[in-house]
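Before any comments, here is the structure.
2 protein chains.
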Amino acid sequence: MTLYVNLAELLGTRIEQGFYRPGDRLPSVRALSVEHGVSLSTVQQAYRVLEDSGLATPKPKSGYFVPVSRELPALPAVGRPAQRPVEISQWDQVLELIRSVPRKDIVQLGRGMPDVTSPTLKPLLRGLARISRRQDMPGLYYDTIYGVHELREQLARLMLDSGCQLGANDLVITTGCHEALSTSIRATCEPGDIVAVDSPSFHGAMQTLKGLGMKALEIPTDPLTGISLDALELALELALEQWPIKAIQLTPNCNNPLGYIMPESRKRALLTLAQRFDVAIIEDDVYGELSYTYPRPRTIKSFDDDGRVLLCSSFSKTLAPGLRIGWVAPGRYLERVLHMKYISTGSTAPQPQIAIAEFLKSGNFEPHLRRMRTQYQRNRDLMIDWVSRYFPTGTRASRPQGGFMLWVELPEGFDTLRLNRALLGQGVQIAVGSIFSASGKYRNCLRMNYAAKPTPQIEEAVRKVGAAAIKLLAEERATD
Amino acid sequence: MTLYVNLAELLGTRIEQGFYRPGDRLPSVRALSVEHGVSLSTVQQAYRVLEDSGLATPKPKSGYFVPVSRELPALPAVGRPAQRPVEISQWDQVLELIRSVPRKDIVQLGRGMPDVTSPTLKPLLRGLARISRRQDMPGLYYDTIYGVHELREQLARLMLDSGCQLGANDLVITTGCHEALSTSIRATCEPGDIVAVDSPSFHGAMQTLKGLGMKALEIPTDPLTGISLDALELALELALEQWPIKAIQLTPNCNNPLGYIMPESRKRALLTLAQRFDVAIIEDDVYGELSYTYPRPRTIKSFDDDGRVLLCSSFSKTLAPGLRIGWVAPGRYLERVLHMKYISTGSTAPQPQIAIAEFLKSGNFEPHLRRMRTQYQRNRDLMIDWVSRYFPTGTRASRPQGGFMLWVELPEGFDTLRLNRALLGQGVQIAVGSIFSASGKYRNCLRMNYAAKPTPQIEEAVRKVGAAAIKLLAEERATD
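Quick note, the sequences are listed as chains A and B, same order. For the first sequence, our numbering assigns the number 1336 to the initial residue and increments by one for each residue that follows. For the second sequence, our numbering assigns the number 1336 to the initial residue and increments by one for each residue that follows.
If you want it as structure tokens, here you go:
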């Protein structure tokens, strides 16, 4: 672990354990530098991590303070998944979630839906309409297997922000990030292979492993800094002897569901590990553009010098999921990915591709992103505040550094499946934690979406979740 | 083989061998009935097959005649594919085809593109534009995993025409027929399994088998009546002992590339075979609505009483491929198909689904289909005429009964890969026959698209193909 992460964790623990109280001034950068024998910039980096996690607030010319406004819930514990590859279960619960249709009478906190009501999306909608009226009807023809060239050019430019120097021909457009992930997995693994994943992990990627006959090896993951490199290294060493691990699948930026951004040095270290053990990395960056810090974080792909990283992303979180436009930068696996894309959908619809390319080219994407990032960051603080207020004492919550998902941990033994059933009658739905584990762990956790503009209805929905949790806990204790 | 097919083949052979000459009156229905000891209706059915194949023309009150207008090229020979399961090759040549971008300077006769310039498509384009302007922005949201309900309702009604009594909940919308086929194959087979296919067969389905680690067993297929049931039965019997055949994948209606419609009795017999050997049937009906005869032919699915047929289709040939909207009626495999669809693309874009549902509901689909069927049938006659005129003597050609593809067979030993290379410099592209075989057979065959309204440019392109073939043949003979 790098020095600044180490230091940030040390300070974070002290704050959370009450060693420093709300309102207290934290030690100065200089004092910490002397105390721990590290450089000033290392301390500054550590404070930035704490700031992103809401544990420290800078005041101009006076240093860092423990925020007074509210006491933050403690961070979720690092998971203890099975130390062996497992068959993936939980399809029934995922199906229950994706079967759901948007309904006016249900506040849907469970799905990965962004806010699509922003006026900054209007030029995109106008573009979609315009393409349908064009004389040459480009939306009706087969697209080339790579996808619309103008969009790939715009994407190559966009990806410079994450440190990637790629050309349009290094990219393949896909039907959403799902297709990017499934083609990547199929391009790198065979049925029976094992894929190492962060834990908790995106259920869509895990269900893909299941559907393709692969197993998942869940690696313990820190809610602030991401997948444990030590545990991963151990797994890869064991793999040499007994398990054919072919790829690592993870979401290092604005992780779903934990919201952390993996520090740059750890991204580099992960890549080095992958190189040493010769495995592919499937990097899901679908929330990467929604980082609350500017400039946006780099991808692992941006450090990739031998083409082993397959970067997967889409516009489903930044623009709208209904467009079903994603992409993959498959590195050395390009030919395999093209074959897998061909057999999966033939080609991708051109109309939304052209509309998005125009939206990017006209400079409409950046202002839209800025607006959404600000909205989501503000909503995060509010959602954490609601959880502090309405949820049972001892509830833990993540500190998302991007995106619009909060991970909430209730006391061990609590069953969010029961909670969700109780809530459905009350017009609220959440995502149960167990779908984020290959083996149904995290039953005491849940994920809530905070993308939409806050309304009294949403606050009431969150309050209902908390109240229902308190009630279930009390019942459990009564029957103990 | 049923009686009428037998009789049709007998008469067809006599006509093609010159026993009856152009302009000759063919034996009366009564005479044939007596001669062959079959019922009058059997003879009538046989004449209908000959009529569809262009070998007989009825004249009111005078009986059937051999057409005088032109001499039709002979039918392609029945293929003699390998009598064992093979790994599928030919990906490079498929990639060459699907890599191609529409270019003004190339007449693309190779791809499966319908004519999308018909004014009967205008309401659909207006619908697409209208949805982008709707206040509730339905095009931006995640769809349910099943697809838009209104479209599934319309599809259930449409499928009554092919004899299928299904409800909206028996259908799953897919991202084109490709996704319908790949989810169906994955829902019924495991890597290493063997799938029996018609031969020649649609390259997309075969590449899917390849990509999923399955093998193809190509079954000889008659250019008028479809897959050989005797050969299939033999293969299934052998399979019991040595080969795990899990499914039969075929296109019985307006077959791609041969254009035949499998007679109804043979569809029933195929289903009985599948039941006896307990294998699934994956039925591709993507050209079924484009049959030149009315009412459209029934599907095998329409006879299915135990849910073993997975019917796959799309609007790519009837409306436009760029919409990427298909569907699958997966019978007893519904749950597996849903899982496979989820991991393949998550869900399908709602905007084109809503637009198509409105187009169908407003009664715009039938007039459009009528117009396209008439256009394609007329173009077929023209294309066959051009092949008769411009191609080398002895060239054989299919007699499509629907769709817009002609299969052309050149003398044995001819290489259409070389032909295609020679043509590229001349601004014409065809589909080489070898991609329609798992093992690269049919190198002397090619497929040409006749969807577009005939122009002097298209006739010139076909003439160039013929002239280049004649030139290559002469060169080959010179070096012999």
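Built from N, CA and C at the ideal position, the CB exists for glycine as well.
Item to check | Three-way DSSP call (helix, strand, coil) for I1678 of chain A in this model | outcome: It is helical.
Item to check | Nearest-angstrom beta carbon gap, T1680 of chain B and T1816 of chain B [assumed within contact, 8 Å] | outcome: Shown here, chain B extends from 1336 to 1815; a query on residue 1816 of chain B therefore has no answer.
Checklist entry - Going straight from the alpha carbon of G1445 of chain A to that of G1768 of chain A, what length do you get? => result Distance between the alpha carbons of G1445 of chain A and G1768 of chain A: 10 Å.
Checklist entry - How big is the Cα-Cα spacing for R1659 of chain A and D1619 of chain A? => result Roughly 16 Å separates the two Cα atoms.
Checklist entry - Of the residues A:N1590, A:G1623, A:G1642 and A:Q1470, which one's Cα is nearest the Cα of T1607 of chain A? => result Looking at the Cα atoms, A:G1642 is the closest of the given residues.
Checklist entry - In the DSSP assignment, what are the bridge partners of S1648 of chain B? => result According to DSSP, S1648 of chain B bridges with B:W1662.
Next on the checklist: Alpha carbons only, please: which of A:L1567, A:I1441 and A:R1603 is nearest the one belonging to I1635 of chain A?
Outcome noted: Distances from the alpha-carbon of I1635 of chain A to those of A:L1567, A:I1441 and A:R1603 put A:R1603 closest.
Item to check | Proximal chain A residues relative to T1543 of chain B, where beta-carbon distance stays under 9 Å | outcome: Near T1543 of chain B (Cβ distances below 9 Å), the residues of chain A are Y1677, I1678 and S1679.
Next on the checklist: Helix, strand or coil, according to DSSP, for G1389 of chain B in the structure here?
Outcome noted: Three-state result, G1389 of chain B: coil.
Checklist entry - Out of A:L1430, A:A1412 and A:N1341, which has the shortest C-alpha to C-alpha gap to A1766 of chain A? => result Considering only alpha carbons, the answer is A:L1430.
Checklist entry - Can you find a C-beta in chain A that's less than 8 Å from the C-beta of E1431 of chain B? => result E1431 of chain B does not count as touching chain A.
Checklist entry - Rounded to whole angstroms, how far is the Cβ of T1320 of chain A from the Cβ of D1387 of chain A, which I believe are closer than 8 Å? => result Residue 1320 of chain A lies beyond the range of chain A shown here (1336 to 1815); nothing can be said about it.
Next on the checklist: Between which residues of its own chain and I1689 of chain A is the CB-CB distance below 8 Å, once the five residues before and five after are set aside?
Outcome noted: Only G1462, I1466, P1473, G1474, V1483, E1485 and L1486 meet the Cβ criterion.
Item to check | N-terminal and C-terminal residue of the alpha helix (DSSP H) that G1511 of chain A is part of | outcome: First-last of the alpha helix (DSSP H) with G1511 of chain A: G1511 to T1523.
Item to check | Proximal residues to A1417 of chain A (C-beta, below 7 Å), its chain only, five neighbours per side dropped | outcome: Annotation for A1417 of chain A: E1553 and S1774 place their beta carbon closer than 7 Å to its own, counting only its chain and skipping 5 residues before and after.
Next on the checklist: Using only the alpha-carbon positions, how far apart do L1396 of chain B and K1652 of chain B sit?
Outcome noted: Looking at the sequence itself, residue 1396 of chain B is Lys, so the reference to Leu does not match. Straight-line spacing of the CA atoms in K1396 of chain B and K1652 of chain B works out to 38 Å.
Checklist entry - Along the region 1437-1458 of chain A, what residues have a CB closer than 7 Å to any CB found in chain B? => result For the region 1437-1458 of chain A, the residues whose beta carbon sits under 7 Å from a beta carbon of chain B are, in order, P1437, R1446, M1448 and V1451.
Next on the checklist: Quick check on this structure: which residue in A:I1793, A:E1599 and A:L1745 has the alpha carbon closest to the alpha carbon of Y1785 of chain A?
Outcome noted: The shortest C-alpha separation from Y1785 of chain A is found at A:I1793.
Checklist entry - Between the region 1803-1815 of chain A and the region 1357-1377 of chain B, are three or more C-beta pairs nearer than 8 Å? => result The region 1803-1815 of chain A vs the region 1357-1377 of chain B: no contact.
Checklist entry - Between B:V1672, B:Q1425, B:L1493 and B:D1528, which lies nearest to V1507 of chain B when the distance is taken from Cα to Cα? => result Of the candidates B:V1672, B:Q1425, B:L1493 and B:D1528, the one whose C-alpha sits nearest the C-alpha of V1507 of chain B is B:V1672.
Item to check | Pair within 8 Å by beta-carbon distance, T1683 of chain A and I1617 of chain A | outcome: Their beta carbons are not under 8 Å apart, which means T1683 of chain A does not touch I1617 of chain A by this criterion.
Item to check | Residue ranges of each alpha helix (DSSP H) within the region 1382-1439 of chain B, 4 or longer | outcome: Fully enclosed alpha helix (DSSP H) runs of 4 or longer: 1426-1434.
Next on the checklist: Going by DSSP, what residue range makes up the beta strand (DSSP E) through N1784 of chain A?
Outcome noted: Its beta strand (DSSP E) spans residues C1780 to N1784.
Item to check | Chain-ordered residues of the region 1746-1757 of chain A with a beta carbon less than 8 Å from chain B | outcome: Residues passing the 8 Å Cβ filter: none.
Checklist entry - Which chain B residues sit within Cβ distance under 8 Å of A1786 of chain A? => result Going along chain B, no residue has its Cβ under 8 Å from A1786 of chain A, so there is no contact; the nearest lies around 12 Å.
Checklist entry - Quick one: what's got a C-beta closer than 6 Å to V1378 of chain A's C-beta in the same chain, skipping five residues either side? => result Contacts found: V1364, L1367 and S1368.
Item to check | Nearest residue (CA-CA) to V1401 of chain B, options B:G1347, B:G1548 and B:R1415 | outcome: Ranking B:G1347, B:G1548 and B:R1415 by Cα distance to V1401 of chain B puts B:G1347 first.
Item to check | Partner residues on chain A for E1902 of chain B, Cβ-Cβ distance less than 9 Å | outcome: Shown here, chain B extends from 1336 to 1815; a query on residue 1902 of chain B therefore has no answer.
Checklist entry - In whole angstroms, what separates the C-alpha of E1624 of chain A from that of R1631 of chain A? => result In a straight line, the C-alpha of E1624 of chain A is about 6 Å away from that of R1631 of chain A.
Next on the checklist: Comparing C-alpha positions only, which one of B:V1621, B:D1565 and B:C1512 sits nearest to T1543 of chain B?
Outcome noted: For the residues B:V1621, B:D1565 and B:C1512, the minimum Cα distance to T1543 of chain B belongs to B:C1512.
Checklist entry - Name the chain A residues that come within less than 9 Å of S1517 of chain B, Cβ to Cβ? => result Those within 9 Å of S1517 of chain B in chain A are I1678, S1679 and T1680.
Next on the checklist: Among A:T1814, A:I1691, A:Y1595 and A:Y1481, whose alpha-carbon lies nearest the alpha-carbon of Y1622 of chain A?
Outcome noted: Relative to Y1622 of chain A, the option among A:T1814, A:I1691, A:Y1595 and A:Y1481 whose CA is nearest is A:Y1595.
Item to check | Buried versus exposed, by CB contacts within 10 Å (16 or more), N1504 of chain A | outcome: With fewer than 16 other Cβ atoms within 10 Å, it is exposed.
Checklist entry - Taking Cβ positions, are G1657 of chain A and Y1476 of chain B nearer each other than 8 Å? => result Yes, Cβ-Cβ distance for G1657 of chain A and Y1476 of chain B is below 8 Å.
Checklist entry - Mind listing which residues of the region 1656-1667 of chain B have their C-beta closer than 8 Å to chain A's C-betas, in chain order? => result Result list: P1656, G1657, L1658 and R1659.
Next on the checklist: What does the alpha-carbon distance come out to for the pair F1726 of chain A and D1720 of chain A?
Outcome noted: Roughly 10 Å between the two C-alpha positions.
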